[in-house]
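First the structure, in the form of structure tokens, and then the observations on it.
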Amino acid sequence: MKWIGWCLLWLCIAGGVGAEGPIVKVGSKKFTESVVVGELLAHLASSSGAEVAHHKEMGGTRILWNALLSGDIDIYPEYTGTITQEILAGKGIAGLPQIRQALAEQGIGMSLPLGFNNTYAIGIKEELAVRLDIAKISDLARHPELRFGFGNEFMERGDGWPGLRDRYGLPQREVRGLDHDLAYRGLQSGDIDAMDLYSTDAEIKHYNLRALVDDQGYFPEYLVLLIYRQDLNDRAPQALAAMHKLEGQIPETEMVSMNARAKLDKVPAAQVAGDFLRTRLGIGVQVRHEGLLYRLWQRTGEHLLLVGVSLFAAMLVAVPLGVLAARRPRLGQVLLGGVGIVQTIPALALLVVMIPFLGIGVPSALAALFLYSLLPIVRNTYTGLSDIALPIRESAEALGLPPGARLRLIEMPLAARSILGGIKTAAVINVGFATLGALIAAGGYGQPILTGIRLDDLGLILEGAIPAAVLALLMQGVFELVERAIVPKGLRLEPEGDAA
Amino acid sequence: MLELRGVAKKFGGLPALQPTDLEVTAGRTTVLIGPSGCGKSTLLRLMIGLIEPDAGSVRFEGEAFAPENVLALRRRMGYVIQDGGLFPHLTARENVGLMVGHLGWDEQRIAARLAELVELTHFPEDGLERYPVQLSGGQRQRVSLMRALMLDPALLLLDEPLGALDPMVRAELQTELRRIFRTLGKGVVLVTHDMGEAGFFGDEIVLMREGRIVQQGEFADFLQRPAEPFVTQFVNAQRSPLEGREDV
Chain A
5 MKWIGWCLLW
15 LCIAGGVGAE
25 GPIVKVGSKK
35 FTESVVVGEL
45 LAHLASSSGA
55 EVAHHKEMGG
65 TRILWNALLS
75 GDIDIYPEYT
85 GTITQEILAG
95 KGIAGLPQIR
105 QALAEQGIGM
115 SLPLGFNNTY
125 AIGIKEELAV
135 RLDIAKISDL
145 ARHPELRFGF
155 GNEFMERGDG
165 WPGLRDRYGL
175 PQREVRGLDH
185 DLAYRGLQSG
195 DIDAMDLYST
205 DAEIKHYNLR
215 ALVDDQGYFP
225 EYLVLLIYRQ
235 DLNDRAPQAL
245 AAMHKLEGQI
255 PETEMVSMNA
265 RAKLDKVPAA
275 QVAGDFLRTR
285 LGIGVQVRHE
295 GLLYRLWQRT
305 GEHLLLVGVS
315 LFAAMLVAVP
325 LGVLAARRPR
335 LGQVLLGGVG
345 IVQTIPALAL
355 LVVMIPFLGI
365 GVPSALAALF
375 LYSLLPIVRN
385 TYTGLSDIAL
395 PIRESAEALG
405 LPPGARLRLI
415 EMPLAARSIL
425 GGIKTAAVIN
435 VGFATLGALI
445 AAGGYGQPIL
455 TGIRLDDLGL
465 ILEGAIPAAV
475 LALLMQGVFE
485 LVERAIVPKG
495 LRLEPEGDAA
Chain B
472 MLELRGVAKK
482 FGGLPALQPT
492 DLEVTAGRTT
502 VLIGPSGCGK
512 STLLRLMIGL
522 IEPDAGSVRF
532 EGEAFAPENV
542 LALRRRMGYV
552 IQDGGLFPHL
562 TARENVGLMV
572 GHLGWDEQRI
582 AARLAELVEL
592 THFPEDGLER
602 YPVQLSGGQR
612 QRVSLMRALM
622 LDPALLLLDE
632 PLGALDPMVR
642 AELQTELRRI
652 FRTLGKGVVL
662 VTHDMGEAGF
672 FGDEIVLMRE
682 GRIVQQGEFA
692 DFLQRPAEPF
702 VTQFVNAQRS
712 PLEGREDV
């Protein structure tokens with residue numbers, strides 16, 4: 005019955021929001037820079053009197069763009085290069101005026117660039133750069149012995165390594181693809197000599213690297229700017245105007261140092277953004293500090309909502325399906341196969357598939373969790389009913405009990421243990437799976453885990469992982485109690501000595 | 472009261488029962504006997520409509536079995552199987568009262584009927600609150616019999632009711648069962664593979680082999696007028712090993 009409480013709580017929270025100013029929904033991607041800019045937007049909009057929801061650390065460009073089109077979010081920071089190469093790829097769009105026009109055709113407005121250009125760069129260690137006298141990318145051509153380690157995306161992208169090699173005529177043979185964060189460590193340990201960088205990476209300063217000058221202008225610009233739904237102008241003009249104050253205000257050095265504070269010094273992104281607004285724009289904002297307990301309380305509420313509602317809905321559907329499968333063996337095989345196939349869909353894919361229908365956030369996550377819960381419950385209901393011994397079933401029939409009464413009085417009680425086992429499995433799986441809900445802004449324990457991964461902060465990862473594990477154990481415990489209450493006593497007794 | 476005409480049944484293409492005629496008379500005990508797989512249990516399950524015949528008809532007190540009346544007809548019969556077939560999640564009392572509870576009998580009426588049956592079957596009163604797993608084999612059969620008799624059926628069908636019991640309990644229960652059958656005066660059909668038991672219970676004995684009736688009659692007929700050599704074989708195979716010993 006717990007879920008009812010959470011539903012009510014959630015309704016209260018949802019109902020309470022929006023009583024005052026207009027609602028502005030900000031989105032950001034799951035890397036630090038995007039989250040920091042998202043926090044800047046959230047502060048500015050809220051200083052104009054709007055109610056702000058910041059859906060941070062969402063799963064990727066496609067998810068954010070679709071969320072923007074569908075109105076699940078109103079605004080988010082995007083890069084010009086990503087717009088031309090990915091969102092509007094293949095349309096041959098270049099230059100801000102063309103981008104502005106193409107976006108406008110889809111009902112999307114855009115601000116002027118905020119200042120910095122977070123494009124690709126090639127980085128080497130400062131000490132090596134001095135020794136070999138390398139300042140520009142074209143200088144690399146003189147040193148064919150250098151070893152390169154590039155991010156997997158950069159290795160494959162048209163505007164990545166293949167094009168760079170051709171443009172500059174680079175002769176290097178030893179080129180490896182590896183994870184971006186690992187590349188920094190490889191550079192540090194001397195396993196590789198050069199890697200691809202994002203030019204605002206906090207690590208450039210930290211590891212004392214030199215970003216080589218792109219002297220032939222090969223890399224496209226990745227200027228950050230704001231893209232937003234044009235209807236935001238009608239709904240929240242003041243908030244939009246406030247957010248536009250960021251135009252041209254964030255030079256590359258500022259962004260690098262904000263990234264460094266957030267990522268390397270582990271200062272909360274909201275705090276970093278608040279400090280920037282105060283010192284740079286003279287705008288004082290209230291940065292809310294949420295204590296660990298408060299965060300835990302909130303995450304627990306979100307997580308229980310996801311698990312509870314999806315599990316309850318799955319029970320309502322899966323138990324009857326299991327009964328149907330047991331009654332109609334041929335249809336049963338089709339049903340079991342169907343719910344089995346759902347189980348093989350990768351979690352993230354299932355979440356993304358839901359978005360066009362249900363939008364980002366809780367509804368999509370609930371639907372995906374619901375689908376994942378079906379298999380264990382359907383299968384165990386089916387098995388529990390099918391495993392009832394023939395003499396018992398025939399005895400019930402021979403008594404003259406109608407089918408409905410047989411199911412209710414005999415078969416379901418006898419299958420209760422198995423059915424509960426299925427629900428228990430689904431619940432425990434759900435607790436783990438629901439952590440992925442954070443990728444589509446559904447909150448829950450996944451949020452600190454995502455942040456922790458982004459910041460390489462084990463403490464934050466554990467802040468999500470430990471409560472999730474505890475919740476899974478609690479679920480297990482609760483179901484043991486439920487089992488004791490529901491499974492009939494006669495099934496739990498051991499045979500006594502023969503007392504004929 | 473129960474009439475089978477040309478009833479036949481196949482399982483997976485193999486005949487389990489050849490076209491068979493049989494009549495069960497009220498107030499008499501008919502025993503179906505034969506080796507394993509002879510079709511005696513199939514015949515019994517056809518009688519209560521647990522399976523439908525491929526051919527022929529089963530009529531109970533003049534009514535043919537049909538989907539509309541099968542529940543009503545079953546309630547006028549009692550059915551007891553080997554080891555009782557009790558519902559493990561219900562106490563003895565709940566097992567016996569399940570059907571009448573569903574039919575809406577009030578508690579008083581149920582209790583009164585239960586008291587009669589406890590008396591009839593000599594079931595210990597305090598055993599009523601126990602679960603099947605807490606009862607002995609003989610007690611389980613008594614509960615099963617009470618459950619079958621709860622609605623005071625006209626016909627009682629028993630499928631090897633004593634098959635799972637040890638010899639002492641079995642002998643005791645045989646005597647009790649015969650007493651109960653005589654007290655009630657109902658039609659009884661009892662399946663067994665034991666010729667001694669058949670002779671003990673049967674007013675009418677039906678010997679079956681490979682899905683058909685070989686001989687039908689009183690016990691003496693089987694000894695004195697065997698219809699074919701198999702009858703004598705079957706009867707002899709069942710004789711007590713003690714009979715051949717000179718020191719007995």
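Protein sequences appear in the order of chains A and B. Taking my numbering, the leading residue of the first sequence gets 5, the next gets one more, and so forth. Taking my numbering, the leading residue of the second sequence gets 472, the next gets one more, and so forth. No residue lacks a Cβ here, since even glycine has one placed at the ideal position from N, Cα and C.
Euclidean distance between Cα positions of S193/A and Y202/A: 20 Å
Contact list for A402/A against chain B, beta-carbon separation under 7 Å: I519, L521, R545 and Y550
Nearest-angstrom Cα separation, counted from L411/A out to H184/A: 58 Å
Test item: CB-CB of T455/A and E37/A under 8 Å: no
Residue(s) in a DSSP beta bridge with M199/A: G127/A and G153/A
Cβ-based contacts, 8 Å cut-off: residues of the stretch 558 to 581 of chain B near chain A: F558, P559, H560, L561, T562, L569, M570 and H573
8 Å Cβ shell around G501/A - same chain, five flanking residues per side excluded: With a pLDDT of 47 at G501/A, under the threshold of 50, the predicted position of this residue should be treated as unreliable, though the coordinate-derived value follows. Closer than 8 Å at the Cβ level, and outside the excluded window around G501/A, lies no residue.
In chain order, each beta strand (DSSP E) run of at least 3 residues that lies wholly inside the stretch 274 to 352 of chain A: none
Within the stretch 616 to 688 of chain B, ranges of the beta strand (DSSP E) (whole runs, at least 3 residues): 626 to 630, 658 to 663, 675 to 680 and 683 to 688
Whole-angstrom distance between I490/A and G425/A, CA atom to CA atom: 12 Å
Spatial distance of R496/A from P407/A (CA atoms): 26 Å
Cβ-based burial, L325/A [other Cβ within 10 Å; buried from 16]: buried
DSSP state of K60/A mapped onto helix, strand, coil: strand
When G484/B, G498/B and A487/B are compared against L626/B, the one with the closest alpha-carbon: G498/B
Local Cβ density within 10 Å of S528/B, reported as buried at 16 or more and exposed below that: exposed
Within 8 Å, strictly: CB atoms of L661/B and V502/B: yes
Contacts around L300/A, its chain only, beta-carbon distance under 8 Å, and the 5 residues preceding and following it disregarded: E467 and P471
N-terminal and C-terminal residue of the alpha helix (DSSP H) that D492/B is part of: That residue, D492/B, is in no alpha helix (DSSP H); its beta strand (DSSP E) goes L485 to V495.
Exposure of V495/B, with buried meaning 16 or more beta-carbon neighbours within 10 Å: buried
L230/A versus G342/A: straight-line alpha-carbon distance, rounded: 43 Å
Limits of the alpha helix (DSSP H) - the one that K493/A falls within: K493 to R496
Within-8 Å CB hit, L542/B to chain A: yes
Residues near A469/A by beta carbon distance below 7 Å, same chain, minus five either side: I453
Supposed close pair K267/A, L459/A - CB separation, criterion 8 Å: 6 Å
K95/A to I87/A span [Cα, whole Å]: 11 Å
Inter-residue Cα distance where the pair is I67/A and D78/A: 13 Å
Integer Cβ distance of Y188/A from E207/A, believed to fall under 8 Å: 5 Å
For G388/A and K270/A, the rounded distance between their alpha carbons: 51 Å
Heavy atom of the ligand MN within 7 Å of T429/A beta-carbon: Among the components of this structure there are no ligands whatsoever, and the ligand MN is therefore not found.
Residue-level contact to chain B via CB, P333/A, 8 Å cutoff: no
Which residues DSSP lists as bridging A215/A, in chain order: G127/A
Assigned exposure category for L488/B - 16 Cβ within 10 Å defines buried: buried
Bounding residues of the alpha helix (DSSP H) (the contiguous stretch that carries F558/B): Looking at the DSSP string, F558/B is not in any alpha helix (DSSP H), and its letter there is neither H nor E.
DSSP-derived helix/strand/coil call for G510/B: coil
Closer than 9 Å at the beta carbon, the chain B residues around P417/A: F558, H560 and L561
Buried or exposed (CB count within 10 angstroms, at least 16 for buried), P26/A: buried
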